[in-house]
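Below is one structure; the comments refer to it alone.
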Amino acid sequence: MSQRFFSKVLGFIGYAVQYGCIAHCTFEYVGEFVVCSGPSMEPTIANHDVVFSERLSRRLYRIEKGDIVIAKSPFDPKMNICKRVIGLEGDKVCTSGPLDPFKTHTFDQSQDGTSHHINIQSRWLYITVPRGHVWLEGDNLKNSTDSRCYGPVPYGLIQGRVCLKLWPPHNAGVLHESPNTGRILRTE
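The sequence shown finishes on residue 194 if you use this note's numbering, and the numbering steps up by one all the way, no holes.
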């Protein structure tokens, strides 16, 4: 009787380990569900929205300007951040400082796809994103701790690309473009 009991227990433990390995590989290599907190990505992603972050794009170097990503915080590696990619390595990014009172980023999109700054009140910084880094900013520029505070973020800190919003149900679906789309400069 006890041998049969131990056989069943070992069988159950074997299945539990197998399912645990499958779950780990799925969350590590395919994607994961993320509950976002904070106002930095509003109105695109609000506090407590649930999104799905796929990890294949990061591994295949398919992150593009305009994508929303989940990354490890450069300040606290135990914390994840959710931000939009504004610039990739080699891109020249036009941005304001984090404490600049004139945070309205206004660009004029020309016919050839280039953007020109037309807000002359603000103090602007032009930064070239170094190799192996990305420039991340929140959609809510007035309330976001992002690359304007901590500089370019190493590509290795990116955990995944957000592709779907799952909660709340009335806003579920593919994420829309940034309200600051004109800020994403095109490379020449």
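Yeah, the Cβ is synthetic: ideal placement off N, Cα and C, and Gly gets one too.
Per DSSP, the unbroken alpha helix (DSSP H) holding His30 starts and ends at 8-31.
Cβ-Cβ separation between Arg154 and Glu60: approximately 27 Å, too far for a contact (criterion under 8 Å). Cβ-Cβ separation between Thr101 and Ile69: approximately 19 Å, too far for a contact (criterion under 8 Å). Arg61 sits in coil when the DSSP states are folded into three classes, being neither helix nor strand. Judged by beta-carbon spacing, Leu142 lies within the 8 Å limit of Ile92, meaning their Cβ atoms are closer than that value. When Gly26, Gly144, Val159 are compared, the shortest CA-CA separation from Ala52 is found for Gly144. Distance from the Cα of Arg64 is smallest, within the candidate group Val56, Asp73, Val57, for Asp73. In the three-state reduction of the DSSP assignment, Gly162 falls in the helix class.
The three-state secondary structure of Leu147, taken from DSSP, is helix. Beta-carbon to beta-carbon, Gly179 and Pro160 are separated by about 31 Å, too far to satisfy the 8 Å threshold. With 16 or more other Cβ atoms from the protein chains shown falling within 10 Å of its own Cβ, Met47 counts as buried. The DSSP-derived three-state label of Val91 is strand. His139 carries a strand assignment under DSSP once its states are collapsed to helix, strand and coil.
The beta carbons of Val99 and Val135 sit closer together than 8 Å. With a cutoff of 8 Å on beta-carbon distance, Gly37 and Phe58 are scored as near each other.
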